[in-house]
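*Asks:* The sequence shown begins at 1243 in my numbering and counts up by one.
Glycine residues also receive a C-beta, built at the ideal position from the N, C-alpha and C atoms.
First, the structure itself, so that you have it in front of you.
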Amino acid sequence: MTEHTVGYLIGSLSKESINRRLANALINLAPDNLVFTEIEIGDLPLYNRDLDANYPAPAQRLKEHLASVDAFLFVTPEYNRSIPGSLKTAIDWGSRPWGTNSFSRKPSAVIGASPGKLGTAVAQQTLRSILGFCDSPQMNAPEAYIEFTKGLVDDDGNVTVPETEEFLANWMARFGEFITRVRAVIPPGE
Ligand code: FNR
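Dropping the structure here:
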């Protein structure tokens, strides 16, 4: 099977992040042909278009990292019924300068965890809208709104509830198939 590089972005900067735990679990459960690299966003300044001609070093590093991968996995919390500002500023840097949008024509998937029952559903809809504007083909289904109960993912990234483990493994398998399909019609570099 063809290998695909997946850059994953975690919307939370917290060391205790449940979304980082979820990302670790997803990587453990992913098909073997997906290779993961974290696209770190914690050192980015707020986006400012006055700097488009001279990106600050962290934003330049972000651009290069985004360009180096085949697909994107967004694992995000919901903040005040939206995505965290840290994630939005990363997407804003990635989408510019005009004409060099790093997300265009590259496949993506969105998932998130919250202690609440809505499981980041509202934030995910917002993120889908942003990625749509950024011209990223998105996996529409299955959707995944994860209510994160205490201990759901252990320190080694193992999912402790078998039904959830099966659901997440299937979700990652579907993401792998989706990346393959998109790359078949949009070959790298086109
Ligand atoms: C939250 N939280 C939250 N949860 C939710 O389901 N919907 C929401 O709109 C919000 N809003 C919100 C705003 C802010 C500023 C904070 C700090 C938190 C709770 C949130 O889901 C919880 O803190 C998660 O643990 C955050 O994910 P990480 O950081 O653990 O990955």
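Contact between the stretch 1384-1401 and the stretch 1284-1302: three or more CB pairs below 8 Å?
*Replies:* No, because fewer than three Cβ pairs between the stretch 1384-1401 and the stretch 1284-1302 fall closer than 8 Å, the two stretches do not touch.
*Asks:* Between the stretch 1325-1332 and the stretch 1251-1259, do three or more beta carbon pairs fall short of 8 Å?
*Replies:* The stretch 1325-1332 vs the stretch 1251-1259: in contact.
*Asks:* Answer with buried or exposed for Ser1371, where buried requires no fewer than 16 other C-beta atoms within 10 angstroms of its C-beta.
*Replies:* When all chains shown are included, Ser1371 counts as exposed.
*Asks:* Kindly give me the distance between the Cβ atoms of Thr1247 and Thr1279, rounded to whole angstroms, as I take these residues to be in contact under 8 Å.
*Replies:* Confirmed, Cβ separation roughly 6 Å.
*Asks:* Work out the CA separation of Asp1294 and Thr1402 for me, nearest whole Å.
*Replies:* Rounded to whole angstroms, Thr1402 to Asp1294 spans 45 Å at the Cα level.
*Asks:* Expressed to the nearest angstrom, what Euclidean distance is found between the alpha-carbon atoms of Leu1286 and Pro1300?
*Replies:* Taking the straight line joining both Cα atoms gives about 6 Å.
*Asks:* So, for Ala1411: in the same chain, excluding its five sequence neighbours on each side, which residues have a beta-carbon less than 7 Å away from its beta-carbon?
*Replies:* These residues qualify, in order along the chain: Leu1271.
*Asks:* Going by CA-CA distance only, name the one from Leu1308, Leu1304, Gln1367 and Asn1343 that's closest to Ser1324.
*Replies:* Nearest option by C-alpha distance: Gln1367.
*Asks:* With DSSP run on the structure shown, which of helix, strand or coil describes Leu1360?
*Replies:* DSSP places Leu1360 in coil when its eight states are reduced to three.
*Asks:* Take Gly1327 as the anchor and find which of Ile1353, Leu1308 and Leu1369 has the nearest alpha-carbon.
*Replies:* The residue with the shortest Cα to Cα distance from Gly1327 is Leu1369.
*Asks:* Taking three-plus beta-carbon pairs below 8 Å as touching, is the stretch 1348-1365 in contact with the stretch 1260-1267?
*Replies:* Yes, the stretch 1348-1365 is in contact with the stretch 1260-1267.
*Asks:* Determine the DSSP secondary structure at Val1403, reduced to helix, strand or coil.
*Replies:* Reduced to three states, the DSSP call for Val1403 is coil.
*Asks:* Can the beta-carbon of Ala1415 be found closer than 8 Å to that of Gln1380?
*Replies:* It is not a contact, given that the beta carbons lie outside the stated cut-off.
*Asks:* Three-state secondary structure (DSSP) at Gly1249?
*Replies:* Strand.
*Asks:* Look up Leu1276 in the DSSP assignment and say whether it is helix, strand or coil.
*Replies:* In this structure, Leu1276 counts as strand in the three-state DSSP scheme.
*Asks:* Tell me which residues share the same chain as Ser1406 and place their Cβ nearer than 8 Å to its Cβ, disregarding the 5 neighbours each side in the sequence.
*Replies:* The question names Ser, yet the displayed sequence has Thr at residue 1406. The answer, listed in chain order, is Ile1388 and Leu1394.
*Asks:* Between the alpha carbons of Glu1432 and Ile1269, how many angstroms are there, rounded?
*Replies:* Roughly 27 Å separates the two Cα atoms.
*Asks:* Which residue from Tyr1321, Arg1423 and Gln1302 puts its Cα closest to that of Ala1363?
*Replies:* Nearest option by C-alpha distance: Tyr1321.
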